[in-house]
Amino acid sequence: MTTVNPPAGLVAQTGIRTVGIVAHVDHGKTTLVDSLLRQNGAFRANAELVERVMDSGDLEREKGITILAKETAIDFKGVRVVIVDTPGHADFGGEVERSLLAVDAVLLLVDASEGPLPQTRYVLSKALARSLPVILVINKIDRPDARIKEVIDEVYELFLDLGANEQQIDFPIVYTNARAGTATRDMEQPGTDLIPLLDCVLVTAPAPMHEPGHPLQVLITNLAANDFVGRIAVGRIRNGIVRKGAKITIIRDGSAVTGTVTSLTLPQGIERVEVAEAGPGEIVGIAGLADVEIGETITDPADPRPLERLHVDPPTLQMTFGVNTSPIGGKDGKFLTSRQLKARLEKEVLGNPAIEVSPTDSGEAFQVRGRGELQLAILVEQMRREGFEIEVSRPEVLLHRTENGIEEPFEQLTIDVPVDFVGVITGIMAERRARMENIQHGADGRARVDFLIPTRGLIGVRGRILTETRGTALIHQLSAGYKPWVGEIPHRTNGCLISDRTGMTTGYALYGIQERGELFVNEGEQTYEGQIIGESAKPGDMDVNAVREKKLTNMRTHSHDEAIRLTPPRRMALENALEFIGPDELIEVTPSALRLRKRLLNENDRRRDAGRRAEMRESQ
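This is how it looks when you write it as structure tokens:
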């Protein structure tokens, strides 16, 4: 049992416990929350039980990952247990950092077979830095390849490697099968429910502390919206009491912004319920301040005392987001203008401190910076589904210039593959300037290989690895900071097949073109001058006529053309397209289509631009 003597003047709010669930991606956080909610009556008797209930977004369900941190609450033995489910993917580390500011302890989930992985290190380091008590949860103990003892030893080694003190390393262990909804403290006594886990939370997680009589302080860690009440600031009450109808304020740049609490909600089960007031330790949703931002503090107007503003790890990648300038643009989406694009990106910045946006020399485009390729790709996909038409560039790394030269961001990459594919993986990694640091062979015929790789070497690598390993590889990454520039990384060896005119593609034209490379379009599709319609089999770009029709001389010829068989085109997902395009290319994104194109659509313009660039290189 963890015993903590409260500092002088502080009082414990004994009726509340707040814990965050942190883990590497796909180790079972969201599934565990599902089971906790089901066992504690969060669903009505006639309610439809949905898997991954905490992943409410379409993209979260489709990709099977948590993107946004979310909180829920259950009542257990007279105590209100608030649970924050956090993302496990490295690209959403900003969500993890925000979540840890609102909790008093963490449940560290580790897969009983895979053990601690790169993101495990990341989330644990953040928890230890905040001196949060840790409950180790060994999940998926029912796996036939579970190696529980070895995994526990690996976690201990991880704690030591991160500089944990004696108190931090003395953590309790709970063994769970999240899908079955069972937990136990003793592997010799199988669990029947999750009560042992909740009992451990009550003992290990300290009650939140507050100073009686202290004015209101609520640190905003998230934003939500409601059609009826507008913007909702989500945060934890550090001190004081907030009431519906009360005056509140935030301090920004030395001035006060004041409003009235029009709505006050608390998480309960899978819903948020309206309440009249809330006190210290609660994670509340507050409406009444139209322009509140993440990281700010809601305070008492009579005695404003803001807390330290939230800071997250800086971005490592940037992309250009611009309005769609395609010749066939504007026919598919609802939001087409630079004003609408700017407003949407500004909204994203307000709700996501890990995203940064800045204008470009062109008023039609913006630089968007983020933690990783997946995070930026998710933003593009969200905007596409909302009805935006945009064009985006290939992601580029953010470089640092130091007195010792140029530095670039690196990632710690772990790839788990069958041993037969280790040679293939090392070859791919060598192409991308990665350095192998460790390899471990398991008893199950798989190997775990650790690499240190430049962040730019990761762009699009997942798709290739999964293809080369027939979908058997497990890929994990973690930021490794900035290190010296390692030189150029080969991108695409072959050129593009580029449409030299606008029109509808024909089978006759494509049949002749497909001999020169791999097509991205099919017969009967609208194309335009400068659109990339395929990948050439040779280096260098090739302009082709994809709309050419054969002149008919008789019916026999026409019948012969109808028998043409085209090879099915390669259809790229957004992540694959981002990796494929070069510096002089863009992706046209609409609600119903992804098209690849050259920045300069006209062939003569591209040649003149290439000539100017060659002259500049020679002069340097």
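All the letters of the sequence shown, read from the start, carry residue numbers 979 to 1598 under the numbering used here.
Quick reminder that beta carbons are idealized off the backbone N, C-alpha and C, glycines included.
#1: Can you list, in chain order, the stretches of the alpha helix (DSSP H) that have 4 or more residues and sit fully within the segment 1448-1506?
#2: Please name the residue in V1084, H1192 and R1363 whose C-alpha comes closest to that of S1570.
#3: Can V1212 and T1199 be called in contact, C-beta distance under 8 Å?
#4: Could you tell me if T1380 is buried or exposed, where buried requires 16 or more neighbouring beta carbons within 10 angstroms of its beta carbon?
#5: Ignore the nearest five residues each way along the sequence and tell me which others in I1542's own chain have a CB closer than 6 Å to its CB.
#6: Could you give the residue range of the beta strand (DSSP E) that holds D1521?
#7: Rounded to whole angstroms, what's the CA-CA distance from R1573 to Q1504? Just pull it up for me.
#8: Count the other CB atoms, across all protein chains shown, that sit within 10 Å of the CB of P1174; report buried if there are 16 or more and exposed otherwise.
#9: For G1300 versus I1368, is the C-beta distance shorter than 8 Å?
#10: Rounded C-beta distance between D1310 and T1568? I'm assuming under 8 Å.
#11: Identify, in the order they occur along the chain, each residue of the same chain with its Cβ nearer than 6 Å to the Cβ of T1433, setting aside the five sequence neighbours on each side.
#12: When you compare only the Cα positions, how much space is there between P1282 and A1107?
#13: Looking at C-alpha atoms only, which residue of A1080, I1147, G1141 and S1091 is the closest neighbour of I1113?
#14: Is the CB-CB distance between I1264 and V1196 below 8 Å?
#15: Would you report the Cα separation of L1579 and A1001, rounded to the nearest angstrom?
#16: So, are the CB atoms of D1063 and K1007 less than 8 Å apart?
#17: Run the CB neighbour count on R1448, radius 10 Å, all protein chains shown included, and call it buried at 16 or more, exposed below.
#18: CA-CA distance, D1398 and H1419?
#19: Using a Cβ-Cβ cut-off of 7 Å (strictly less than) and excluding sequence neighbours within five positions of V1028, which residues of its own chain qualify?
#20: Is any heavy atom in the ligand GDP found nearer than 7 Å to the beta carbon of R1363?
#21: Taking I1443 as part of the alpha helix (DSSP H), name the residues at either end of that continuous run.
#22: At which residue ranges does the segment 1158-1184 contain complete beta strand (DSSP E) runs of 3 or more residues, listed in the order of the chain?
#23: How long is the line joining the alpha carbons of A1023 and G993, rounded to whole angstroms?
#24: Drop a sphere of 10 angstroms on the beta-carbon of I1384, count the other beta-carbons inside from all chains shown, and report buried for 16 or more, exposed for fewer.
#25: Quick one: give me the first and last residue of the alpha helix (DSSP H) that T1298 is part of.
#26: How many angstroms separate the CA atom of R1426 from the CA atom of V1402?
#27: Nearest by alpha-carbon distance to V1059: which of L1087, S1077, L1180 and T1098 is it?
#28: On the DSSP letters alone, give me the boundaries of the alpha helix (DSSP H) that T1404 sits inside.
#29: Under the rule that 16 or more other beta-carbon atoms within 10 Å means buried, what is D1036, buried or exposed?
#30: Is it the case that the Cβ atoms of V1253 and L1242 are separated by a distance below 8 Å?
#31: Quick check on the DSSP output: the alpha helix (DSSP H) that includes M1594 runs from which residue to which?
#32: Give me the DSSP bridge partner(s) of E1513.
#33: Can you check whether the CB of R1575 is closer than 8 Å to the CB of T1509?
#34: Identify every run of the alpha helix (DSSP H) within the segment 1541-1574, keeping only runs that are complete inside it and at least 4 residues long; order them along the chain.
#35: On a CA-only basis, which of L1352, K1320 and N1330 is nearest P1337? Give me that one, please.
#36: What's the C-alpha gap between I1306 and F1366?
Let me spell this out:
#1: If we require 4 residues or more, the alpha helix (DSSP H) runs fully inside the segment 1448-1506 come out as 1485-1491.
#2: The residue given as residue 1570 occupies position 592 in the sequence shown. It is R1363.
#3: Here the question's residue 1212 lines up with position 234 in the sequence shown. Here the question's residue 1199 lines up with position 221 in the sequence shown. Contact flag set, yes.
#4: As a first step, residue 1380 must be located in the sequence shown, where it is residue number 402. With fewer than 16 other Cβ atoms within 10 Å, it is exposed.
#5: Here residue 1542 refers to the residue found at position 564 of the sequence shown. Closer than 6 Å at Cβ, skipping near neighbours: G1485 and Y1489.
#6: Walking along the sequence shown from the start, residue 1521 turns up at place 543. Run containing D1521: M1520 to V1522, per the beta strand (DSSP E) assignment.
#7: Position 595 of the sequence shown holds residue 1573. Position 526 of the sequence shown holds residue 1504. Distance between the alpha carbons of R1573 and Q1504: 11 Å.
#8: The residue labelled residue 1174 in the question sits at position 196 within the sequence shown. Under this definition P1174 is a buried residue.
#9: For the purposes of this step, residue 1300 is taken as residue 322 along the sequence shown, with counting starting at 1. For the purposes of this step, residue 1368 is taken as residue 390 along the sequence shown, with counting starting at 1. A contact, by the Cβ cut-off of 8 Å.
#10: Translated into the one-based positions of the sequence shown, residue 1310 becomes position 332. Translated into the one-based positions of the sequence shown, residue 1568 becomes position 590. Right, the Cβ-Cβ distance comes to about 4 Å (below 8 Å), so this counts as a contact.
#11: As a position in the sequence shown, residue 1433 is number 455, starting the count at 1. Taken in chain order, the residues that qualify are T1294, V1375, P1387 and E1389.
#12: Residue 1282 sits at position 304 when you count from the first residue of the sequence shown. Residue 1107 sits at position 129 when you count from the first residue of the sequence shown. Approximately 28 Å between the Cα atoms of the pair.
#13: As a first step, residue 1113 must be located in the sequence shown, where it is residue number 135. The shortest C-alpha separation from I1113 is found at I1147.
#14: As a working mapping, residue 1264 is identified with position 286 in the sequence shown. As a working mapping, residue 1196 is identified with position 218 in the sequence shown. Cβ distance < 8 Å, so I1264 and V1196 count as in contact.
#15: In the sequence shown, residue 1579 corresponds to position 601, counting from 1. In the sequence shown, residue 1001 corresponds to position 23, counting from 1. Going from the Cα of L1579 to the Cα of A1001 covers about 46 Å.
#16: Counted from its first residue, the sequence shown places residue 1063 at position 85. Counted from its first residue, the sequence shown places residue 1007 at position 29. Their beta carbons are under 8 Å apart, which means D1063 touches K1007 by this criterion.
#17: The count along the sequence shown starts at 1 and reaches residue 1448 at position 470. It counts as exposed.
#18: Here residue 1398 corresponds to residue number 420 of the sequence shown, with the count starting at 1. Here residue 1419 corresponds to residue number 441 of the sequence shown, with the count starting at 1. Rounded to whole angstroms, D1398 to H1419 spans 11 Å at the Cα level.
#19: Here the question's residue 1028 lines up with position 50 in the sequence shown. For V1028, the pLDDT reaches just 42, beneath the cut-off of 50, and the residue's location in the model is therefore unreliable, although a value from the coordinates is still provided. The answer is none, since no qualifying residue turns up.
#20: The ligand content of the structure shown is nil, which means the ligand GDP is not present either.
#21: The residue given as residue 1443 occupies position 465 in the sequence shown. Here the alpha helix (DSSP H) through I1443 covers V1439 to E1446.
#22: 1160-1162
#23: The residue given as residue 1023 occupies position 45 in the sequence shown. The residue given as residue 993 occupies position 15 in the sequence shown. Interpretation of A1023 is limited by its pLDDT of 41, a score under 50 that renders its predicted location unreliable; no figure is taken from the coordinates.
#24: Counting from 1 along the sequence shown, the entry for residue 1384 is found at position 406. I1384 is exposed by the Cβ-count criterion.
#25: Along the sequence shown, one-based indexing puts residue 1298 at 320. Not the alpha helix (DSSP H): T1298 falls in the beta strand (DSSP E), residues L1295 to V1301.
#26: Counting from 1 along the sequence shown, the entry for residue 1426 is found at position 448. Counting from 1 along the sequence shown, the entry for residue 1402 is found at position 424. Straight-line Cα distance between these residues: approximately 14 Å.
#27: Reading the sequence shown from its first residue, position 81 is the one you call residue 1059. Residue nearest to V1059 within the set L1087, S1077, L1180 and T1098 is L1180 (criterion: CA-CA distance).
#28: Here residue 1404 corresponds to residue number 426 of the sequence shown, with the count starting at 1. Here the alpha helix (DSSP H) through T1404 covers V1400 to E1409.
#29: Position 58 of the sequence shown, counting from 1, holds the residue named residue 1036. Reliability of the predicted coordinates at D1036 is poor, the pLDDT of 46 falling under 50, and no value is obtained from them.
#30: Translated into the one-based positions of the sequence shown, residue 1253 becomes position 275. Translated into the one-based positions of the sequence shown, residue 1242 becomes position 264. The Cβ-Cβ distance between V1253 and L1242 falls below 8 Å.
#31: Counting from one through the sequence shown, the residue named residue 1594 turns up at place 616. Per DSSP, M1594 belongs to the alpha helix (DSSP H) from E1581 to S1597.
#32: Here residue 1513 corresponds to residue number 535 of the sequence shown, with the count starting at 1. Looking at the DSSP assignment, E1513 forms a beta bridge with C1474 and E1496.
#33: Taking the first residue of the sequence shown as position 1, residue 1509 is located at position 531. Taking the first residue of the sequence shown as position 1, residue 1575 is located at position 597. Note that residue 1509 is Gln in the sequence shown here, rather than Thr. Yes, Cβ-Cβ distance for Q1509 and R1575 is below 8 Å.
#34: Entirely contained in the segment 1541-1574, the alpha helix (DSSP H) runs reaching 4 residues are, in chain order, 1552-1558.
#35: In the sequence shown, counting from the first residue as 1, residue 1337 sits at position 359. Out of L1352, K1320 and N1330, K1320 has the C-alpha closest to the C-alpha of P1337.
#36: The residue you call residue 1306 lines up with position 328 of the sequence shown. The residue you call residue 1366 lines up with position 388 of the sequence shown. So the two alpha carbons sit approximately 14 Å from each other.
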